[in-house]
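Undergrad:
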Amino acid sequence: MAKLIRAVFGLFWLIATGFVGFLAYIVLQTEGNPQVLWAWLVMCAFTFLSVTFLAYVIIFGGDHKDDAPHHHKHLSGSEE
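Going letter by letter, the sequence shown gives residues 2 to 81 in my numbering.
#1: Looking at the structure shown, is Met2 part of a helix, part of a strand, or coil, going by DSSP?
#2: What is the DSSP secondary structure of Gly22, counted as helix, strand or coil?
#3: Can you tell me whether Gly11 is helix, strand or coil according to DSSP?
#4: Once you ignore the five residues that flank Leu50 on each side, which residues in its own chain have a CB closer than 7 angstroms to its CB?
#5: Roughly how many whole angstroms lie between the Cα atoms of Ile60 and Phe10?
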């Protein structure tokens, strides 16, 4: 189930990246006011970064191992 969720969010990232790239291309072609153009490009950049961070957390965030020795140091009382 986790692999399916990761695959869905990978696909979501690809679709969102394509859409944001297309939006930036359209804005570059049509917008004449430089201030509005920069506002659109900054919005596209923040959107891309947000989508990328969300996809990164979902795809790579669940790969921890609870049985790793460094997870249990606090239970043994030793300060290593």
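The beta-carbon is built from N, C-alpha and C at its ideal position, and this holds for glycine as well.
TA: Answer, in terms of the structure:
#1: Translated into positions along the sequence shown, residue 2 becomes position 1. When secondary structure is reduced to three states using DSSP, Met2 falls in the coil class, being assigned neither helix nor strand.
#2: Indexing the sequence shown from 1 puts residue 22 at position 21. Residue state, collapsed to three classes: helix.
#3: Numbered from its first residue, the sequence shown carries residue 11 at position 10. The answer is helix: DSSP assigns Gly11 an H, G or I state.
#4: The sequence position of residue 50 within the sequence shown is 49, counting from 1. For Leu50, where only same-chain residues beyond five positions count, there are no Cβ hits under 7 angstroms.
#5: Against the sequence shown, residue 60 aligns to sequence position 59. Against the sequence shown, residue 10 aligns to sequence position 9. It is roughly 7 angstroms from the alpha-carbon of Ile60 to the alpha-carbon of Phe10.
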